[in-house]
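Trainee:
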Amino acid sequence: MAGTTTPRLKRARPNGPGYIRKGRGKGFEYLDWNGANVTDDALKARFDALAIPPAWKDVWIAPTDREHIQAIGTDAAGRRQYIYHERWADRRASEKYERSLDLGSRMSRVRRAVSRDIAQREDERLRCLAAAVRLFDHGSLRIGGSKYARDNKSYGVSTLLARHVSVEENTDTVRLKFRGKSGKEWDLLIDDDQLADYARDRGGQGGDKRFLSYRVGRKRVGLTSEDINRYIADIAGGEFTAKDFRTWKGTVTAALSLAAAGQTVGAASSDSAKARAVSRAMRETAEALHNTPAMARSSYVDPRVVNRFRRGRTIETGISPDRATVQLLSRR
Numbered sequence: 069m070a071g072t073t074t075p076r077l078k079r080a081r082p083n084g085p086g087y088i089r090k091g092r093g094k095g096f097e098y099l100d101w102n103g104a105n106v107t108d109d110a111l112k113a114r115f116d117a118l119a120i121p122p123a124w125k126d127v128w129i130a131p132t133d134r135e136h137i138q139a140i141g142t143d144a145a146g147r148r149q150y151i152y153h154e155r156w157a158d159r160r161a162s163e164k165y166e167r168s169l170d171l172g173s174r175m176s177r178v179r180r181a182v183s184r185d186i187a188q189r190e191d192e193r194l195r196c197l198a199a200a201v202r203l204f205d206h207g208s209l210r211i212g213g214s215k216y217a218r219d220n221k222s223y224g225v226s227t228l229l230a231r232h233v234s235v236e237e238n239t240d241t242v243r244l245k246f247r248g249k250s251g252k253e254w255d256l257l258i259d260d261d262q263l264a265d266y267a268r269d270r271g272g273q274g275g276d277k278r279f280l281s282y283r284v285g286r287k288r289v290g291l292t293s294e295d296i297n298r299y300i301a302d303i304a305g306g307e308f309t310a311k312d313f314r315t316w317k318g319t320v321t322a323a324l325s326l327a328a329a330g331q332t333v334g335a336a337s338s339d340s341a342k343a344r345a346v347s348r349a350m351r352e353t354a355e356a357l358h359n360t361p362a363m364a365r366s367s368y369v370d371p372r373v374v375n376r377f378r379r380g381r382t383i384e385t386g387i388s389p390d391r392a393t394v395q396l397l398s399r400r
């Protein structure tokens, strides 16, 4: 008897035919691309299963359940948001964690380049770029964007202002105080002599000037997220971005927490004991990344770390956490 095959996904055409959602009373109605009201119960069930947020406007829904994008809408902040097919999302997540693991295997190379570039004084732009990556590595910050800084007063590495950064007196401890994504308040201490030297050199700049900026003629120019991501790709030798740093940081943080738990919670322990250890690891990861445990687990922790813990495998102690995590994830 021949086995059934799963239909291949196809690229969505958001500018092509699709269903639209409109408000009606306290609920919604759906119209097809000819403007006819959708009455088919199976179609309505498919739309409901997508769990499109009620606040989304201008909702477009794919004509079949085989498009890689299943729905698009505009959120309350005016941003276009997407709901992907589950299989597409799973594949993208797998690619993301593989890329993060690849970056993890190159962290020694990245850190050597950053240490070299932040120490030199001849190329101010290069020094800025190195300081940016040091912030990702030690602080797990987001990259930030000009639109969010302007509209929401929320900041990331590329948009930090001089007033957000200070050096604690008589120390090499850099303090970052700013509002990040979703209004999260950051108050972070980073012990790093090279970053402290950079911050002290920038201390004479105005409080509302970009912390990461360099002189071009008579003007100071702030780094952009594109600048930073190109630098990351260059020093790492691959198509990596700032997001990969946060994913790797989340994975390593969870791996360290589960390794500590593994000293008392082993493969033979109860499922509830393992679940408590995983929950604690996600809370610690969320704290490091300034997001929620649910977000940490769904988007920033390689699921293989949790799966191996449940089978009694955790990272090796006595070597660097990066190397130990790479070894754990590279073994079948």
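Numbering (our numbering), first residue to last: 69 to 400.
Don't be surprised by glycine CBs; every beta carbon is placed ideally from N, CA and C.
Distance, Cα to Cα, residue 163 vs residue 309?
Mentor: Stepping through the sequence shown from its first residue, residue 163 is reached at position 95. Stepping through the sequence shown from its first residue, residue 309 is reached at position 241. Roughly 14 Å between the two C-alpha positions.
Trainee: Helix or strand or just coil, what does DSSP make of residue 152?
Mentor: The count along the sequence shown starts at 1 and reaches residue 152 at position 84. Strand, per DSSP.
Trainee: Does the separation of the CB atoms of residue 286 and residue 279 fall below 9 Å?
Mentor: The count along the sequence shown starts at 1 and reaches residue 286 at position 218. The count along the sequence shown starts at 1 and reaches residue 279 at position 211. Contact flag unset, no.
Trainee: Let me know if residue 150 comes out buried or exposed under the rule of 16 or more other beta-carbons within 10 Å of its beta-carbon.
Mentor: Here residue 150 is taken as the residue at index 82 of the sequence shown, counted from 1. With fewer than 16 other Cβ atoms within 10 Å, it is exposed.
Trainee: Skipping 5 residues on each side, what residues in its chain have a beta carbon closer than 6 Å to that of residue 377?
Mentor: The count along the sequence shown starts at 1 and reaches residue 377 at position 309. Cβ within range, chain order: 326.
Trainee: Can you give, in chain order, each stretch of the alpha helix (DSSP H) that sits fully within the stretch 307–383 and has at least 4 residues?
Mentor: Counting whole runs of 4 or more residues, the stretch 307–383 contains the alpha helix (DSSP H) stretches 310–329, 339–357 and 371–378.
Trainee: Nearest to residue 223 by alpha carbon, out of 239, 242 and 255?
Mentor: Against the sequence shown, residue 223 aligns to sequence position 155. Of the listed residues, the one whose Cα sits closest to residue 223 is 255.
Trainee: State the Cα-Cα distance for the pair residue 217 and residue 339, rounded to the nearest angstrom.
Mentor: Here the question's residue 217 lines up with position 149 in the sequence shown. Here the question's residue 339 lines up with position 271 in the sequence shown. Approximately 44 Å between the Cα atoms of the pair.
Trainee: Flag this pair as touching only if the stretch 315–324 and the stretch 360–374 have three or more C-beta atom pairs under 8 Å; answer yes or no.
Mentor: Yes, the stretch 315–324 touches the stretch 360–374.
Trainee: Is the stretch 174–190 touching the stretch 237–257, taking contact as three or more C-beta pairs under 8 Å?
Mentor: The answer is no - the stretch 237–257 does not touch the stretch 174–190, with fewer than three Cβ pairs under 8 Å.
Trainee: Mind checking which residues open and close the beta strand (DSSP E) that includes residue 234?
Mentor: Numbered from its first residue, the sequence shown carries residue 234 at position 166. Note, residue 234: beta strand (DSSP E), 233–235.
Trainee: Provide the residue span of the beta strand (DSSP E) that contains residue 385, from first to last.
Mentor: On the sequence shown, residue 385 is found 317 positions in, with the first residue counted as 1. Counting along the chain, residue 385 falls outside any beta strand (DSSP E), and DSSP gives it neither H nor E.
Trainee: Measuring CB to CB, does residue 87 end up less than 9 Å from residue 130?
Mentor: For this step, residue 87 is matched to residue 19 along the sequence shown. For this step, residue 130 is matched to residue 62 along the sequence shown. Result yes, Cβ atoms of residue 87 and residue 130 sit closer than 9 Å.
Trainee: Work out the CA separation of residue 95 and residue 146 for me, nearest whole Å.
Mentor: The residue you call residue 146 lines up with position 78 of the sequence shown. The residue you call residue 95 lines up with position 27 of the sequence shown. So the alpha carbons of these two residues sit roughly 21 Å apart.
Trainee: From residue 215 to residue 203, what distance separates their C-alpha atoms?
Mentor: Sequence index remark: in the sequence shown, residue 215 carries index 147 (1-based). Sequence index remark: in the sequence shown, residue 203 carries index 135 (1-based). Cα to Cα, residue 215 sits roughly 21 Å from residue 203.
Trainee: What does a CB cutoff of less than 8 Å around residue 120 pick up in its chain, not counting 5 residues either side in sequence?
Mentor: Translated into the one-based positions of the sequence shown, residue 120 becomes position 52. So the qualifying residues of the chain are 89, 127, 129, 139, 141 and 151.
Trainee: Touching or not, the stretch 341–361 and the stretch 379–394, by the rule of three or more beta carbon pairs under 8 Å?
Mentor: Output reads no: the stretch 379–394 does not touch the stretch 341–361.
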